[in-house]
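Step one of this worksheet: look at the structure below.
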């Protein structure tokens, strides 16, 4: 819950940054047509109601409050085996990176000096602000050649292994829908909303 | 008359055969044109009409895809005129290849914090009142080699340096229309836009943008979207960084907070020198580039020529573009060519008399908010050397005494 509040706080800041606007009135306001012609109807009556089943089938996202996390669980050991079989070829045996991104960082960048030092490698342990993002991305897009092929247990296992490699959870950890949203990532409080607003200032 | 006909026919017979054979296919026709250019085109009938046009075989403008099954290709900015990018030369950037989608089976789901979760077919989307807008689209990683130290950067063409920007007329239904149709909750402040590609790429977008000028687009430059541009439907967010303009759009979920997915946390964020990272840096700042003269041009000699380039801003119209032909010591106001549209490539021109000596040419765009394109030093001071997106610093071209033109990364 605390995590959710923090996410919402950042969201509020970002909304403030992109410009205040009362969107609450927008959905019900009649649309005015260009050229001074008669106002358009509030609704056109197009499309058909979505069924709960088709929403469930497509609604795959996982958010910082844990929304979208499925049942299931995975251990670091289970994840290590799956990682070696399906991920290591591109990301390196220990997550050090190969043809694809480095995934593991346990020291460099801990003071978040990436802006000052381009040689610092960004990875899960020192740059990713939310652990839930890891589940979402692995389930959504990985492995590259067979995206969306892993079971929820397999994804939980790979997430557990990667969090352990990054020294964020212990080597005997088991990850599930209750545990994952409670994990506080090292980079959690480093992210700030965009403060560029146009005008003369260079930011 | 007789002599004219015989002149026409004699050299024409073999050529005509080649042209008839070539007319069976576009590639064949192009090959025939290359091989069979008559000495006098007024003395031999040309080829017939075709279903799909092809460029003259003498024109070489092409995108440059990366090696292998590439995830990006660049627009040949230096080969183009005016402001419109031909659809087949629009840059590409995708994360897991271009999906093949049957429009008959396409649908868009809009759900989440809405009164009426709804599925729209392509036919549904086309029945809504449509809107067309000419707007640029730029990848936020565009131009990085003009920012980081790069010993090879002097031999980059405009295409190689900044070819991840293009400009088209986009047509579709305003997202605001769809949001009203489904009845967005007053508590909603963000929405997720999700692709049906193999990356299922998704980005969180402020609801403000959805009710402003966001477009659910199904056409580009008058025809259906090309597959590489999101066929049959993409999200188009004028002025926003490229990756938020989600192609192959399958789902929009309305919510009260951003979703914090990989492409808005691990990627597309900007670490700053103060130990923070800027997130949701969505708007593309004002930028310009001289596309002529530019590498690999070699000026044939001293005298008059026209400096040409493109300027654009994600925050509105370009107010003016200043050009220096003496390495930044003095600046001249360039002519902006109509139309000057908001969030759109704008063509600028400046007549220039080259004396034949070595010099540096650069351009600086200012948008209608008063924001002026910064120098590299100014950008470096606020962003630091580790940033990876939004490289809008001034571009400079060094003209050598022998007329060769190279990118001068340290000059501005």
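Chains as they are written, first to last, in our numbering: chain A, 15 to 217; chain B, -14 to 397. Note that the Cβ used here is the ideal one computed from N, Cα and C, for glycine as well. This structure is a prediction, so every number in the text was calculated from the model and none was measured.
Query	Result
List the DSSP bridge partners of residue 322/B.	According to DSSP, residue 322/B bridges with nothing at all.
Name the residues in the segment 161 to 175 of chain A whose C-beta lies less than 9 Å from a C-beta of chain B; which are they?	161 and 162
Any beta-carbon of chain B closer than 8 Å to the one on residue 202/A?	no
At a CB-CB cut-off below 8 Å, which residues of chain B make contact with residue 149/A?	Under the 8 Å cutoff, chain B gives no residues; its nearest Cβ is about 11 Å from residue 149/A.
If I measure Cβ to Cβ from residue 35/A and keep anything under 8 Å in the same chain, skipping five residues before and after, which residues do I get?	With a pLDDT of 40 at residue 35/A, under the threshold of 50, the predicted position of this residue should be treated as unreliable, though the coordinate-derived value follows. If we look at residue 35/A and ignore the five residues flanking it on each side, it has no Cβ neighbours.
Between 179/A, 212/A and 159/A, which has its C-alpha nearest residue 183/B's C-alpha?	159/A
Any contact between the segment 322 to 336 of chain B and the segment 365 to 376 of chain B? By contact I mean 3 or more CB pairs, one from each, below 8 Å.	no
If we require 3 or more residues per run, which beta strand (DSSP E) segments fall completely within the segment 100 to 142 of chain B?	103 to 106 and 116 to 123
How would you write the range of the beta strand (DSSP E) that residue 398/B sits in, first residue to last?	In the structure as shown, chain B starts at -14 and stops at 397, and residue 398/B therefore has no counterpart that could be examined.
Taking DSSP as the reference, what is the three-state secondary structure of residue 154/A?	helix
Closer than 8 Å, CB to CB, is residue 267/B near chain A or not?	yes
Quick check on residue 176/A: does DSSP put it in helix, strand or coil?	helix
In terms of residue numbering, what span does the beta strand (DSSP E) encompassing residue 336/B cover?	331 to 339
Using 8 Å as the threshold, is the C-beta distance between residue 106/B and residue 95/B below it?	no
What's the C-alpha gap between residue 246/B and residue 265/B?	11 Å
For residue 163/A, does the count of other Cβ atoms within 10 angstroms reach 16, so buried, or fall short, so exposed?	exposed
CA-CA distance, residue 112/A and residue 99/A?	15 Å
CA-CA distance, residue 145/A and residue 219/B?	29 Å
Give me the chain A residues within the contact set of residue 370/B, using Cβ-Cβ distance strictly less than 9 Å, ordered along the chain.	129, 130, 131 and 132
Does residue 204/B have its Cβ less than 8 Å from a Cβ in chain A?	no
Could you spell out where the alpha helix (DSSP H) holding residue 162/B opens and where it closes?	160 to 167
Who are the near neighbours of residue 282/B in its chain, counting only those whose CB is closer than 6 Å to its CB and skipping five residues on each side?	390
If the cut is a Cβ gap below 8 Å, which residues of chain B does residue 97/A touch?	In chain order: nothing, as chain B lies at least about 17 Å away.
Against chain A, does residue 306/B count as a neighbour if the rule is that its beta carbon must be under 8 Å from one of theirs?	no
Would you mind listing the alpha helix (DSSP H) stretches within the segment 203 to 238 of chain B that are 4+ residues and don't spill past its ends, in chain order?	none
For residue 81/A, does the three-state DSSP call read helix, strand or coil?	coil
Who are the near neighbours of residue 10/B in its chain, counting only those whose CB is closer than 7 Å to its CB and skipping five residues on each side?	A caution first: residue 10/B carries a pLDDT of 39, below 50, which makes its placement in the model unreliable, though a value can still be read off. Excluding residues within five positions, none has a Cβ falling inside 7 Å.
Under three-state DSSP, which class holds residue 101/A?	coil
Please list the residues of the segment 104 to 119 of chain B that have a C-beta atom closer than 7 Å to any C-beta atom in chain A, keeping them in chain order.	104, 105, 109, 112, 113 and 114
Tell me, please, whether the segment 224 to 237 of chain B touches the segment 82 to 94 of chain B by the rule of three or more beta-carbon pairs shorter than 8 Å.	yes
Under a CB-based cut-off of 8 Å, is residue 183/A close to chain B?	no
Using a Cβ-Cβ cut-off of 8 Å, state whether residue 113/A counts as contacting chain B.	no
Between residue 194/A and chain B, is any beta-carbon pair separated by less than 8 Å?	no
Cα-Cα, which of 217/B, 172/B, 357/B and 186/B is closest to residue 215/A?	357/B
Which first and last residues belong to the beta strand (DSSP E) in which residue 190/A is found?	188 to 190
Could you name the residues of the segment 61 to 80 of chain A whose beta carbon sits closer than 9 Å to any beta carbon of chain B, in the order they occur along the chain?	61, 62, 63, 64, 65, 66, 68, 69, 72, 73, 74, 75, 76, 77, 78 and 79
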